[in-house]
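Residue numbers (our numbering), protein chains in the order written: chain A, 115 to 916; chain B, 19 to 239. Beneath this line is the structure, given in structure tokens, with notes to follow.
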């Protein structure tokens, strides 16, 4: 019996080649896309879930209620971790975590490395398997360091290096450490990344900050004892917070902050390890959002849905051709069940082939997909039993749902009715129309999403940020020389070059540079009886000139003597609420008053999702710089870049030059948006192509079903235009309806998304009309060719068939 | 007795009015009969045949087939009943275009769950009997109308039914072809004792039967 089914199925599919190939092409594309997107989403969702103790590990966030609203931060003071362990019950293990870059030296080799400074518990808390060396307590010695395999290869050229000495550049001087263990390379789904791990106590800032609760510069991860919940721990940490942060809490109260719903001004909150990757501290609260991976999954499902709708619609439309077969089989004794099974097995066949091709396609395009969307998925994700079983399950379920519906319709038909070859078509047409509206609705939704996303990205790229981003190159000071000295040297070297306009430095980058690291510092100090908070930036001479910032009052730093003054921005001036901010003196350190030298026009030093915050510039050589900024002349920019690279090589022969123009840096900060936009764009392209394939097949069938009608109309005297209009009208109505349904949904979703940005485009009607116009034009083109051909055909031919 | 119809009514509602397709039909058919149903277009001939073949339902009355009361059976039992005992022959043959002659003949056997070897033997036997062995791998479209109907009859006969229902079996054939088919029916009826009920317009074909039933507007006359 099954053989017979397959035979009939096969012959049917072969006979109707156009439809079958349209179906298989559509479904395989959809499956390939869905598989790739699904893998990307699952990859995202699997972040940090490789830690064996992950369920009881948390990152500590400190939240506080400031007069301006809630504030949250992951930076903690050095004494917090030991104090928590000693005073609050429930801590099993705890580690501080300070990420940094360093230079590692071995023999003549000098390599830039990512280092983390952590506590002894680090390797017993987190699952970074030790492959070589001290497995139990790799960091029990203060001078011990752990290297990843890759780092060991990079520096030593081998992994057989236990007990060897490596020198690390610590605060400008080389310090020897002993390699105590080698870990496996860190999987890409890890938030915690490092090449070298060293003891927190060996960090140069540890000694001065050991007892300093005000200086917050690292993260803390805690593993709770079995049976202790995060909520219980947060509760029992309250009196601890009240005790240790007493001073800060009193200041918050004094400045007029209002407590949260629990009557608290300051709290420690635990973010589960599994959520850390998805956590943002927007608006001062801890927000965990997995919307990105789910959005990707959603797009994958939408595309599958569209392809499935095509399949359903084509099967239903095609069933008219098979009525005779259905009737005949029934007279020969076929039961509903058997007919259902027959038609379903045909679908199963098509789906099996499509999934097979889909898997192949996804493997073929895997590498393109990886580079295009910056994801680290691999083919191995498909070859595990769970993936294979779920693919098979998906195939059965989808073919059951998608193939089952037409199969059910067909098996239900009355014997006589189907033998006569007539179909009561009213019911199934509604289903078809609803499905097509859905399909086009999704396509239009995705088009609008694409347009708005790119609109916002273009807006952010082109927005005037208040500083010169086109002509300025920034690069990390990643060599061994003292940072201020090296900027001075650089300035001397480049002096006299007509293409170099000015050279300066600062302790943080603008945008995201090639080194991929970002940092920001904040300070809070007392001013006239209340706490004022500001961003904190250490700059070198000519920073304002180099970046083309505009002074609205006062002056720039002029000489070394100005190192006791500050330059602030307008937001900071507003914060101080002085009529003439130039008269204010800021008591940054106890007893040291910094006069305000100048006020800058506000500029966007943060990403555009944030409004401009107060910022204060300092020009002290005590704090060091981390980035150099060089303004070049607008002509010969590429040549100037090469000059910079050569000069840097000369000054720091072992360091890599990681310079990039600030506009590139700014572009890098919305890499995530670009990836999303690319994904949605390709999603909507595929959605449109698939929808149109469905529409095309549909128009073929409708035209062939209505051949007689067209013939009669022509004989009676209808023109080609009016017939084309009649044939097109029904479909266009559906597309219009889809547009009307999709637009409000798109408006709502995109408005929500744009709320994430402090600087955003207006969600004008233009986006919607453009999307509607695109959809309608494409639909028209798809149906048009066929219908015009049908309308122009000689009526005698179409009527002769009867 | 093979089957018995008692006071069968069948109607459709059209524009608020009942239009009767069959009106008070009483009919008894003995095994071995060859009945011709005649009447003008729209008199209910095909409807009667479909009701007898259990392909169509009726609204009132009783229908007994081999001591089973068809009107009380569920669809599944009904289809078991007719696939066991009834073979159908249609005016337009209704062979499946996608299957070869051989496969078309095999199909009823598939629904009766015969084993593969049995099926082969029965199909081979039937091909032999109808002299169409040479055509077994052709598709219906490659055969003439007469040949197609021959296959149609062979298919109806393959599972040894007690009753053959033929709805204008020669309607699409030329006179020579129809004579061949009618001779075949006669032979089946006389030599093998198969009961046949045929619907026909032609007096000549009706004459092959042992009894003629005339219908007019759904009534027996």
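Ideal Cβ positions, reconstructed from N, Cα and C, are used throughout, including at glycine. Just so you know, these numbers come straight off a predicted model, no measurement behind them.
Alpha helix (DSSP H) containing residue i: first to last residue?
i, result
"residue 534 of chain A", "529–534"
"residue 837 of chain A", "834–868"
"residue 613 of chain A", "Note, residue 613 of chain A: premise wrong, no alpha helix (DSSP H); not H, not E."
"residue 657 of chain A", "657–661"
"residue 124 of chain A", "116–129"
"residue 593 of chain A", "Looking at the DSSP string, residue 593 of chain A is not in any alpha helix (DSSP H), and its letter there is neither H nor E."
"residue 879 of chain A", "879–906"
"residue 196 of chain A", "194–201"
"residue 310 of chain A", "Segment 310–313 is the beta strand (DSSP E) holding residue 310 of chain A; no alpha helix (DSSP H) there."
"residue 609 of chain A", "Premise fails: residue 609 of chain A is in no alpha helix (DSSP H) and is neither H nor E."
Please identify the residue among the options whose C-alpha is closest to the C-alpha of residue i.
i, options, result
"residue 485 of chain A", "A:785, A:809, A:644", "A:785"
"residue 898 of chain A", "A:129, A:817, A:883, A:252", "A:817"
"residue 773 of chain A", "A:453, A:296, A:752, A:802", "A:752"
"residue 210 of chain A", "A:315, A:222, A:813", "A:315"
"residue 61 of chain B", "B:32, B:228, B:45, B:218", "B:218"
"residue 592 of chain A", "A:568, A:723, A:769, A:523", "A:769"
"residue 560 of chain A", "A:884, A:197, A:126", "A:884"
"residue 187 of chain B", "B:195, B:39, B:72", "B:195"
"residue 104 of chain B", "A:453, A:444, A:549", "A:444"
"residue 172 of chain A", "A:587, A:418, A:583, A:383", "A:383"
"residue 146 of chain B", "B:30, B:159, B:123, B:193", "B:123"
"residue 343 of chain A", "A:169, A:553, A:152", "A:169"
"residue 98 of chain A", "A:516, A:483, A:477", "Since the first residue of chain A shown is 115 and the last is 916, residue 98 of chain A is not available in this structure."
Would you kindly work out how many angstroms separate the C-alpha atoms of residue i and residue j, rounded to a whole number?
i, j, result
"residue 405 of chain A", "residue 490 of chain A", "19 Å"
"residue 414 of chain A", "residue 333 of chain A", "36 Å"
"residue 804 of chain A", "residue 730 of chain A", "55 Å"
"residue 347 of chain A", "residue 202 of chain A", "8 Å"
"residue 540 of chain A", "residue 546 of chain A", "Low per-residue confidence applies at residue 540 of chain A: pLDDT is 46, beneath 50, and the placement is therefore not dependable, though the value from the model is reported in the following sentence. Their backbone Cα atoms lie some 10 Å apart in a straight line."
"residue 372 of chain A", "residue 328 of chain A", "22 Å"
"residue 887 of chain A", "residue 137 of chain A", "27 Å"
"residue 119 of chain A", "residue 200 of chain B", "34 Å"
"residue 718 of chain A", "residue 579 of chain A", "5 Å"
"residue 133 of chain B", "residue 132 of chain A", "37 Å"
"residue 790 of chain A", "residue 813 of chain A", "34 Å"
"residue 224 of chain A", "residue 594 of chain A", "10 Å"
"residue 229 of chain B", "residue 458 of chain A", "46 Å"
"residue 92 of chain B", "residue 449 of chain A", "12 Å"
"residue 123 of chain A", "residue 461 of chain A", "9 Å"
"residue 111 of chain B", "residue 33 of chain B", "34 Å"
"residue 529 of chain A", "residue 216 of chain B", "19 Å"
Compute the beta-carbon to beta-carbon distance between residue i and residue j, rounded to the nearest angstrom, for a pair I have assumed lies under 8 Å.
i, j, result
"residue 301 of chain A", "residue 164 of chain A", "6 Å"
"residue 53 of chain B", "residue 231 of chain B", "6 Å"
"residue 863 of chain A", "residue 889 of chain A", "Not quite, the Cβ-Cβ distance comes to about 17 Å (not below 8 Å), so this is no contact."
"residue 742 of chain A", "residue 558 of chain A", "Contact flag wrong, Cβ pair sits at about 49 Å."
"residue 422 of chain A", "residue 512 of chain A", "6 Å"
"residue 83 of chain B", "residue 67 of chain B", "The pair is not a contact, with the Cβ atoms about 14 Å apart (cut-off 8 Å)."
"residue 826 of chain A", "residue 905 of chain A", "In fact, because the Cβ distance is near 13 Å, the residues do not count as touching under 8 Å."
What residue range does the beta strand (DSSP E) around residue i cover?
i, result
"residue 44 of chain B", "35–47"
"residue 414 of chain A", "Here residue 414 of chain A belongs to no beta strand (DSSP E); instead the alpha helix (DSSP H) covers 405–433."
"residue 488 of chain A", "First-last for residue 488 of chain A: undefined, no H or E at that position."
"residue 223 of chain A", "223–232"
"residue 771 of chain A", "No beta strand (DSSP E) holds residue 771 of chain A; DSSP gives it neither H nor E."
"residue 379 of chain A", "That residue, residue 379 of chain A, is in no beta strand (DSSP E); it is neither H nor E in DSSP."
For residue i, return the contacting residues in chain D, with the cut-off set at a CB-CB distance below 7 Å.
i, result
"residue 106 of chain B", "Absent from the structure: chain D. Protein chains present are A and B."
Of all the residues that make up the segment 53–72 of chain B, which are near chain A by a beta-carbon distance shorter than 8 Å?
68, 71
Contact set between the segment 504–538 of chain A and chain B, restricted to residues whose Cβ is under 9 Å from the partner
528, 529, 530, 533
Positions along the segment 120–152 of chain A whose CB lies within less than 8 Å of some CB in chain B:
Residues 121, 122, 125, 126, 129.
Identify each residue in the segment 411–438 of chain A for which the Cβ-Cβ distance to at least one residue of chain B is less than 8 Å, and report them in chain order.
438
Scan the segment 128–152 of chain B for residues whose Cβ lies nearer than 7 Å to a Cβ of chain A and list them as they occur along the chain.
128, 129, 130
Taking only beta carbons into account, state which residues of the segment 444–462 of chain A come closer than 9 Å to chain B, listed in chain order.
444, 445, 446, 447, 448, 449, 450, 451, 452
Relative to chain B, which residues along the segment 868–880 of chain A have a C-beta separation below 7 Å, given in chain order?
The segment 868–880 of chain A vs chain B, Cβ under 7 Å: nothing.
Where the segment 183–202 of chain B meets chain A: residues whose CB sits under 7 Å from a CB there
none
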